[in-house]
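Residue numbers (this note's numbering): 1 to 202.
In structure tokens:
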């Protein structure tokens, strides 16, 4: 399979089938902790990097022969899934043809954009990564595009929370000597108070 992987079992999502919507390491971050590889295409451009119809075709073929239980279908993969401009279309198609809950794991970098918010509203769970709430720590751990501002990301998640009626989770990755400082904890605490996530994973 080119775009579908798993199913894999995890504590948080149970048995989950993964979907990758971009080629490997097309991302808006180059995180210091990434266990995949160094980002080779650092970008914030949304486009159909991988054909949505090809992904859906592969998914339908897999589901037609898979006779075990799936807890979730998860958009994740080896880059930032919301970079694919057809992610909303794919979520809608999956929701129309299956009753399996859809999850999106995102680094949050594009959530200040209105089109991304609209796309993600269709998911059952959206898990946002928020490793820092201060610019210095945010840049240090994520090594993001200069155009991505942590204050815009936080504001985007807060605004999305007001619109979203399903599960919103926050994931925080702490790296020793990078963002594991009390000043970062305090700023994250303040941001989380405003976001009001359903779950926070550290």
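Each residue gets a CB set at the ideal place from its N, CA and C atoms; glycine is no exception.
Do residue 29 and residue 184 have their beta-carbon atoms positioned less than 8 Å apart in this structure?
Here residue 184 corresponds to residue number 184 of the chain shown, with the count starting at 1. Here residue 29 corresponds to residue number 29 of the chain shown, with the count starting at 1. No.
Near residue 69, which residues of its chain fall below 8 Å by C-beta distance, leaving aside the five closest residues on each side in sequence?
The residue given as residue 69 occupies position 69 in the chain shown. Excluding positions up to five away in sequence, the list reads 15.
Give me, in chain order, the residues of the same chain whose beta-carbon lies closer than 6 Å to that of residue 80; leave out the 5 immediate sequence neighbours on both sides.
As a working mapping, residue 80 is identified with position 80 in the chain shown. Counting only Cβ-Cβ distances below 6 Å, and skipping sequence neighbours, we find 27, 28, 107.
Using 8 Å for Cβ pairs, my map puts residue 102 next to residue 73. What's the rounded Cβ distance?
Taking the chain shown and counting its residues from 1, one reaches residue 102 at position 102. Taking the chain shown and counting its residues from 1, one reaches residue 73 at position 73. Rounded, the Cβ-Cβ distance is 5 Å, consistent with contact.
In terms of residues, what are the limits of the beta strand (DSSP E) holding residue 62?
Start at 1 with the first residue of the chain shown, and residue 62 comes out as number 62. It is not in any beta strand (DSSP E) - residue 62 instead sits in the alpha helix (DSSP H) that spans 52–65.
Cβ neighbours of residue 22 in the same chain (closer than 8 Å, five flanking residues each side left out)
Counting from one through the chain shown, the residue named residue 22 turns up at place 22. The residues are 49, 50, 77, 78, 79, 80, 81, 83, 84.
Determine the direct distance from the alpha carbon of residue 91 to that of residue 62, and round the result to whole angstroms.
Stepping through the chain shown from its first residue, residue 62 is reached at position 62. Stepping through the chain shown from its first residue, residue 91 is reached at position 91. Approximately 16 Å between the Cα atoms of the pair.
Tell me the DSSP secondary structure of residue 78 in three-state form.
As a working note, residue 78 is residue 78 in the chain shown. In this structure, residue 78 counts as coil in the three-state DSSP scheme.
Look up residue 27 in the DSSP assignment and give the residues it is bridged to.
On the chain shown, position 27 is the one that residue 27 refers to. The beta-bridge partner set that DSSP reports for residue 27 consists of 42.
Uninterrupted beta strand (DSSP E) stretches inside the region 64–137 (no shorter than 3 residues)
72–75, 102–106, 125–129
Endpoints, the alpha helix (DSSP H) within which residue 17 is located:
Position 17 of the chain shown holds residue 17. No alpha helix (DSSP H) holds residue 17; the beta strand (DSSP E) holding it covers 14–19.
Any 3 or more C-beta pairs closer than 8 Å across the region 114–122 and the region 142–152
no
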